[in-house]
Amino acid sequence: MFCYQCEQRAQGTGCTKVGVCGKDAQTAALQDLLIQGLKSLARYATRLRGFGVADRETDLFAIEGLFTTITNVNFDPDRLRELLVKLRGLIEKNRSAYQAKCNEAGQEPEDLGDGIEWSLAATPEGWLPLSAQIGLEPRKAEKGEDIVGLEELITYGLKGLAAYADHAQVLGQEDEAVYAFVHEALDFLTVPHEVGDYLAMALKVGEINLKTMELLDFANTGTYGHPVPTPVRVTPVKGKAILVSGHDLKDLEELLKQTEGKGIQVYTHGEMLPAHGYPELKKYPHLVGNYGGAWQDQRKEFDAFPGAILMTTNCIQRPQPSYFNRIFTTNLVAWPGVRHIVGRDFSPVIEAALDAEGFAEDAPEKSILVGFARNSVLSVADKVIEGVKSGKIKHFFLIGGCDGAKSGRNYFTDLSQAVPQDCVILTLACGKYRFNKLEFGDIDGIPRLLDIGQCNDAYSAVQIAVALANAFDTDVNSLPLSLVLSWYEQKAVAILLTLLHLGIRDIRLGPTLPSFVTEPVLNVLVENFAIKPTTAVEDDLKAMLG
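Numbering (our numbering) for the sequence shown: 19 to 564.
#1: Give, in chain order, every unbroken run of the alpha helix (DSSP H) that is at least 4 residues long and sits entirely within the region 276 to 345.
#2: Please name the residue, chosen from LEU234, ARG251 and ARG344, that lies closest to MET329 on a Cα-to-Cα basis.
#3: Considering only DSSP beta bridges, list what CYS441 is partnered with.
#4: Three-state secondary structure (DSSP) at VAL494?
#5: Evaluate LYS258 with the Cβ neighbour count: other Cβ atoms within 10 Å of its Cβ, from every protein chain shown; 16 or more gives buried, anything less gives exposed.
#6: Counting only runs that start and end within the region 414 to 486, where is the beta strand (DSSP E) found for 3 or more residues in a row?
#7: Relative to the alpha-carbon of LEU48, which residue among GLY307, MET19 and GLY167 has its alpha-carbon at the smallest distance?
#8: Mapping DSSP to helix, strand and coil, what is ALA378?
#9: When the distance is taken between beta carbons, is ALA479 closer than 7 angstroms to ILE470?
#10: Could you spell out the range, first to last residue, of the alpha helix (DSSP H) harbouring ALA218?
#11: Is THR208 helix, strand or coil by DSSP?
#12: Rounded to whole angstroms, how far is the Cβ of VAL252 from the Cβ of LYS455, which I believe are closer than 8 angstroms?
#13: Starting from the Cα of PHE79, find the closest Cα among GLN125, LEU101 and CYS39 and give me that residue.
#14: Can you tell me whether DSSP reads GLY565 as helix, strand or coil?
#15: Applying the 10 Å Cβ sphere with the 16-neighbour rule, what's the burial state of ALA203?
#16: Using the rule of at least 16 other Cβ atoms within 10 Å of the residue's Cβ for burial, across every protein chain shown, is VAL360 buried or exposed?
#17: From VAL398 to HIS185, what does the alpha carbon distance come to, in whole angstroms?
#18: Can you tell me where the beta strand (DSSP E) holding ILE359 begins and where it ends?
#19: Could you tell me if ASN112 is buried or exposed, where buried requires 16 or more neighbouring beta carbons within 10 angstroms of its beta carbon?
#20: So, is the C-beta of HIS413 closer than 7 angstroms to a C-beta in chain D?
#21: Cβ atoms of GLY409 and THR331: under 7 angstroms apart, would you say?
#22: Would you decide whether THR31 is buried or exposed? Buried here means 16 or more other CB atoms lie within 10 Å of its CB.
#23: Using beta-carbon positions only, say whether ARG523 and LYS550 come within less than 7 angstroms of one another.
#24: Per DSSP, LYS158 is paired with what?
#25: Looking at LEU179: is its Cβ nearer than 7 angstroms to the Cβ of THR230?
#26: If you run the structure through DSSP and keep just helix, strand and coil, what is ALA39?
#27: Taking 8 angstroms as the limit between beta carbons, can you name the residues of its chain near LEU497, skipping five residues before and five after?
#28: Pull up the distance between the alpha-carbon of TYR477 and that of VAL356, whole angstroms please.
#29: Hey, GLY325 and ALA391: beta-carbon distance below 7 angstroms or not?
#30: State the CB to CB distance for the pair ILE172 and MET219, rounded to an integer number of angstroms; the pair is presumed to be in contact (CB under 8 angstroms).
#31: Assuming ALA28 contacts HIS201 (C-beta within less than 8 angstroms), just tell me the rounded distance between them.
#32: Which same chain residues end up closer than 6 angstroms to ARG362 when comparing Cβ atoms and leaving out the 5 residues on each side of it in sequence?
#33: What is the rounded straight-line gap between the Cα of THR552 and the Cα of GLY528?
#34: Using only the alpha-carbon positions, how far apart do GLU457 and GLN481 sit?
#35: Please report the residue range of the alpha helix (DSSP H) in which THR86 lies.
#36: From ASP432 to GLY70, what does the alpha carbon distance come to, in whole angstroms?
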């Protein structure tokens, strides 16, 4: 295996035996086959759209298939085999439909073979040798690192986009244009192109990701209301307990409904923290607080948690034996041997919580503040604008992104603490756990730390920046605003491509740059967008403040 899609790749180059995330070689091979098969599927789906034919089953499978391969989502070979079997059927279905449409139109069907005959082997095990033909190493040998890096930049952006699209469709928000583009981009990756064409497609991924994040924002706020500033307890309450991690608000809602009146306290973990700001979720009194921090500390935190644990999306790590029998997965996330919930019937989770010890007593109460999504911030925009004009607010720093275990991420803690008192920090995603329990105070009643939400809420951050730019009759690049982003997995790649699509410059990215962005490609990004790696806090802060 060779995998370098996340920030914690081994030796800073790539994982070759077992991923730092826990992905083994068999799982990696099955995921490679899934991505290759999605490209084959896209060739037919794209051409069928040319005949005015779209297949919802195919569209949803493409989204779910991409999301499945994001870091820390699906480690279960059996579930991946099931997906590959379904994929083979969808390829045949779309191939037949395409040939039929060509016959109806009197056209000669294109030869859309990709060099892999999916029907040769009866089982996915029989396809495993094929993965040696399509992995990163043989592709780099054939095409060179620069081209393969650009292909992966697009692929990883699509994976992040697919995650947002999946969350949105769960809540009933879909856009035909998003599905069509996913197939178009995957089809694009099946034939060689010039470097400029790859970069243009990467920016197109960013453009469609913006549309997708808008869909998700509408889905979340339309279902649960706009987040409002809310204090969230971060210390335990006496009683039986369930911990919900991941990103999926629908799962949390259903669990809250099913646990009403059962004497069970529900806690959020990781990226679920912002759920407390949504009116339709915070109305449940047994949603009592947030437990723990970012995903990389879960093995220690889950071990200490005396209740059941539900993983709703990505961010799962190899469960320890101490809590293996009380952790559950649902939706696309999976780990071999861990009980998987289908259809949002959380009865097994509830039973496990009732069987567990629970918290014996209340801990001293402490809280943090969440709920500063776009509506909350823009409702006090006049105060913010006046603060800037009067000189009380000198600068804004967006310090956010994915957290991780690799050394160097203390940079984000140090930076937040070094930000001057007359500056405001915006944050989102789990990178905020590096500093969100520190005291930052306020500026004339405006908290100096504004938690915008999940990585899924990046659309809110964009809208806040655009609104401020409009208020000052300028563009985002001319605002007293600096973006310092930490990255870990592929949703961060999608967000970065969206920011580049919007023309936002001078983004600082850390703690290390992606391995798949080779030096020539990085030079192009630096030349066009002035992307910078994070360096020393003092030097970066001095440069950002001018």
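The C-beta atom is built at its ideal place from N, Cα and C for all residues, glycine as well.
Taking the geometry as given:
#1: Restricted to the region 276 to 345, the alpha helix (DSSP H) segments that are unbroken, complete and at least 4 residues in length are 297 to 300 and 316 to 322, listed in chain order.
#2: Answer by Cα proximity: ARG344.
#3: For CYS441, which the question treats as bridged, DSSP gives the partners HIS413.
#4: The answer is helix: DSSP assigns VAL494 an H, G or I state.
#5: LYS258 comes out buried.
#6: Runs found: 441 to 446 and 467 to 471.
#7: That would be MET19, whose Cα lies nearest to the Cα of LEU48.
#8: DSSP places ALA378 outside both helix and strand once states are collapsed to three, so it counts as coil.
#9: Contact: yes.
#10: Counting along the chain, the alpha helix (DSSP H) containing ALA218 begins and ends at 213 to 242.
#11: DSSP places THR208 in coil when its eight states are reduced to three.
#12: With 8 angstroms as the limit, VAL252 and LYS455 qualify as a contact, their Cβ atoms being about 7 angstroms apart.
#13: With distances taken between Cα atoms, PHE79 lies closest to LEU101.
#14: Outside the shown range of the chain (19 to 564) lies residue 565, about which nothing can therefore be said.
#15: Buried, since its Cβ has 16 or more Cβ neighbours within 10 Å.
#16: Under this definition VAL360 is an exposed residue.
#17: For the pair VAL398 and HIS185, the Cα-to-Cα distance works out to about 29 angstroms.
#18: Here the beta strand (DSSP E) through ILE359 covers 357 to 359.
#19: With 16 or more other Cβ atoms within 10 Å, it is buried.
#20: The structure shown contains no chain D; it holds only a single protein chain.
#21: At a Cβ-Cβ threshold of 7 angstroms, THR331 and GLY409 do not count as neighbours.
#22: Under this definition THR31 is an exposed residue.
#23: For ARG523 and LYS550, no; Cβs fall outside 7 angstroms.
#24: According to DSSP, which records beta bridges pairwise, LYS158 is partnered with nothing at all.
#25: Result yes, Cβ atoms of LEU179 and THR230 sit closer than 7 angstroms.
#26: Looking at the sequence provided, one finds Cys at residue 39 rather than Ala. Correct three-state label for CYS39: coil.
#27: Contacts found: PHE414, ALA483, LEU486, ALA487 and PHE490.
#28: For TYR477 and VAL356, the distance between alpha carbons rounds to 33 angstroms.
#29: In this structure, ALA391 does not lie closer than 7 angstroms to GLY325 by Cβ.
#30: With a Cβ gap of about 6 angstroms, ILE172 and MET219 count as contacting.
#31: Rounded to the nearest angstrom, the Cβ distance from ALA28 to HIS201 is 33 angstroms, too far for a contact under 8 angstroms.
#32: Excluding residues within five positions, the ones whose Cβ falls inside 6 angstroms are GLU272.
#33: Approximately 5 angstroms, taken between the alpha carbons.
#34: Here the alpha carbon of GLU457 sits roughly 26 angstroms from the alpha carbon of GLN481.
#35: In the DSSP annotation of this structure, the continuous segment of the alpha helix (DSSP H) that includes THR86 starts and ends at 74 to 86.
#36: Roughly 54 angstroms between the two C-alpha positions.
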